[in-house]
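Reading through the structure tokens given below for one structure.
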Amino acid sequence: MKKLLSAVVVLLCLTASTSNAQIFPGYRTSNYSGVNGVIFNPANIADNRYKWDLNLISVNGFVGNDQTKLGFRDITKSSFNADSLKAILLRGDNPNFKSLVSADILGPSFMFNTKNGSAFAITTRSRVFSNASGIDGTLARAIIDAGETNGAVYPASFNSYPDSKINTTGWTELGLSFATIFTKKDSKNFLKGGASIKYLAGTTNSYLRLQNFDGTIGSGVNGTYFTNTTGNLAINSTGADFTDYTFKDFFKFSGHGVGADIGFVYEYRPASITMADTIYQDNNFANKYKLKIGLAITDIGRIRFEKDNTTSASYTANVPGEQQFLLNQFEGKSVSQYKSILDQSPYFTTTSVSEAKYNVNLPTTLQLDIDYNMGAGFYADLSGQIGLTKNNDALNQYSYNSVSLTPRYEKGIFGIAVPFNYNELTKFNAGLSLRVGPVFLGSGSIFSALVNKSKQADAHIGIRFGMPYKKKMRPDTDKDGVFDNLDACPDVAGPKMYNGCPDTDGDGIIDSLDKCPAIAGLPRYNGCPIPDSDGDSINDEEDKCPTVAGLVKYNGCPIPDRDKDGVNDEEDKCPDVAGTAKYFGCPVPDSDGDGINDEMDVCPNEAGPASSKGCPEEKVAVEITAEFKNILFDFGKATIRPESMAIIVKAVLTMNEQIPNSSLYIDGYTDSKGSVKINKSLSLKRAQAVVNALVANGIDKSRIAARGFGKDNPKCTNDTEEGRQCNRRVEVVIKNISEKKEAEGYKLKN
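As numbered in this note's numbering, residues 486 to 1235 make up the sequence shown, in order.
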């Protein structure tokens, strides 16, 4: 930013060394120039202070030279009166005199802005522009005085240095302009641009050109005259005659062309100036920049005129030293009448005339402008004007370079500016410009003229009016102090720090985005607290087992169960061995160490195989045998008496529950009485009777077999009745144990 500003300031300062005074000085810097601003820089109308603006008429007049002091009366005479025009253009007393005369009339013109800040304008404008350069003061005085000496001392020499030119052009413009914004309206670095295209209708062009025109001016009884004079002279006049030039002559066209203006404006708009947070709906009514830099090229183009052979000619002059050409012949004559005078003179010989059509270049100008907003309506403007059309052709219209510093104060209906200008032609000037409502007027040299030191006289006046943008209060629907255009929740009250949206739980997440608006939470959980998925009061971010309830001491995990027996380690007396809760996490005990736990072991304190549910099989057999002692048979028979059937039922139950996988022998015995054969037969029959009874009550017949041993293997003595009773018995023998013992050499004995 500083580099850009420095570069522009340097460029503006450089223009002062070769510096034309600006049109509408002071007023041109105003932000309230409306449609008129388009003639200074087409970009000015974009993002304008006015919705629409209409110029009725605005006039700027300027006369200036580099030698002679001027007054304001010269402005009114010079533009429309041939004699006063010559007087201004040719009044210099010294060699190489330069002057500029211009009249600028901005007619009915209209501008309107669109909602997005773009703007269109239609303008009408009529202009007269006249340059004079390289004029010899002695020659000029003689022509102006028209034969009178008026105190001049003659004879006197003159020359054209080597090319003297006077060129006056009048034209009317019809322009169409468009300007737009290239950045957002609320951008800190704001840029806009614009362009105008103009139809140019030439009303007149007159010029006088002297090349190597040298000689002597003398004085006699018939007035002043040329003598001993040689050189070349060219004259031209098309369209209206400046002898009697009136407003209607602006619409008598003798030439046509196309012109253009183009411009850009950069504005630095800090938030403190743009009023982005004010109570107003928009700020189009106010100036929004702290610094504005404008760049424009104006009056690009040319007008093509057609020569009038009755008023255009080129001559070679030769007035011998002993002869005279009287100058009073030009008194009261316009340039268009010079031809008939010169054609009749023997001292001027007509030469060939150039092409019938020729171009007149407009005074193309580069406009540079820096405007600084000091605040409270005060501004300082530094601007420069660089003429781009060179003074190297008699047909070119050109501007002189200038630089201006303009402090000003301005508000909507009032403005005052004091332009200080330095330009190549008239040097330093100071002026004043006022704007009150629709009327503006001023001069760029009024203060200089008051001290009678100005070489220029200029003035401007105009009437324009428009519809300015008004202050509109911004709506605040929810009355929370945050205006709707800045309020993300315009219908619900909320603090400014949250763009007008509420935050009930104060967690920094507005309610509309907060899934838990009543409970403070975190953004990563959409405004909800850190979740506790398993409900163990330990949040998921700290819980190593977030889906299973646990304890703080175990980082949110349950009490561990290393042996996976369902009994946690804190309650498990055998944490490394799977067990059951009944035994505090330890396995079911096996008291007799037979590999069958006590709950499955029918004989938990005596070792036994699984086939007998942990009981010794021999014991089971003994228990059944003990029961079978009470089985009663009829004497000498194998029939079991009914009262003994309960013993059979109980025996079946014991065999199926305690030794379910064992094969059994039911062995029958008798005492020693009787024959061996009968006893063995009886003992077998009785054993078989028991087998049959057991099978009938649920013993698988494949498990059981009957044997009869008679009087063998007595358990008691046969000498007594008690002994014999003891030997009359039925025993149960587990088959696999019996076979094993027999294989080992044992024999079953009573």
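A virtual CB, placed ideally from N, CA and C, is assigned to each residue, including glycine.
- Taking the Cα positions, V1137 is about 17 Å away from R1126.
- Taking a contact to require three or more Cβ pairs closer than 8 Å, the segment 508-526 and the segment 844-861 qualify as touching.
- Distance from the CA of T665 to the CA of D551, rounded to the nearest whole angstrom, comes to 41 Å.
- Pairwise C-beta distances place the segment 963-975 out of contact with the segment 929-946, as fewer than three of them are shorter than 8 Å.
- Contact annotation, D621 with S584: C-beta distance approximately 13 Å; criterion of less than 8 Å not satisfied.
- For P892, the three-state secondary structure derived from DSSP is strand.
- In this chain, the alpha helix (DSSP H) harbouring K1162 covers 1161-1181.
- Boundaries of the alpha helix (DSSP H) around R1209: 1206-1212.
- Under DSSP, N908 takes part in a beta bridge, and its partners are S887, K912.
- Around the beta carbon of K875, fewer than 16 other beta carbons lie within 10 angstroms, which makes this residue exposed.
- The C-alpha of D1025 lies about 25 Å from the C-alpha of V1052.
- Residue state for D1152 is assigned as strand, using DSSP reduced to three classes.
- In this model, Y954 and F509 are separated by some 24 Å (Cα to Cα).
- As DSSP reads the structure, L851 sits in a beta bridge with I782, I871.
- Classified as exposed, N794 has fewer than 16 neighbouring CB atoms from the shown chains inside 10 Å of its CB.
- In the three-state reduction of the DSSP assignment, Q822 falls in the helix class, which pools H, G and I.
- L1169 sits close to A1191, with the two beta carbons spaced by under 8 Å.
- Under the three-pair Cβ rule at 8 Å, the segment 814-827 does not count as touching the segment 745-753.
- Counting other Cβ atoms within 10 Å of its Cβ, L661 stays below 16 and is therefore classed as exposed.
- From the listed residues L811, N1082, S889, the smallest Cα separation to F905 is found for S889.
- N984: not part of any beta strand (DSSP E); DSSP gives it neither H nor E.
- In terms of CA proximity to I901, F925 leads the group K842, N886, L910, F925.
- In the DSSP assignment, S649 falls within the beta strand (DSSP E) that extends over 648-666.
- Beta bridge pairing from DSSP links V845 with I788.
- Residue range 604-620 is occupied by the beta strand (DSSP E) that includes T609.
- Following the DSSP letters along the chain, one finds I542 inside the beta strand (DSSP E) bounded by residues 535-550.
- In its chain, beyond the 5 residues on either side, no residue has a beta carbon closer than 8 Å to the beta carbon of R1009.
- Taking 8 Å as the cut-off, the Cβ atoms of K1158 and G1195 do not count as close.
- Beta-bridge analysis with DSSP links N794 to no other residue.
- In the DSSP assignment, F833 falls within the beta strand (DSSP E) that extends over 833-836.
- Boundaries of the alpha helix (DSSP H) harbouring N1141: 1130-1143, taken from the DSSP string.
- Of the other Cβ atoms in all chains shown, fewer than 16 fall within 10 Å of the Cβ of A1131; this residue is therefore exposed.
- Around the beta carbon of M1140, 16 or more other beta carbons lie within 10 angstroms, which makes this residue buried.
- Taking the CA atoms as reference points, E791 sits about 24 Å from Q829.
- The beta carbon of I782 sits closer than 8 Å to the beta carbons of D746, I747, G748, T849, T850, L851, Q852, L873 from its chain, once the five residues preceding and following it are set aside; these are given in chain order.
- For S587, no alpha helix (DSSP H) segment is defined; the enclosing uninterrupted segment is the beta strand (DSSP E) at 582-591.
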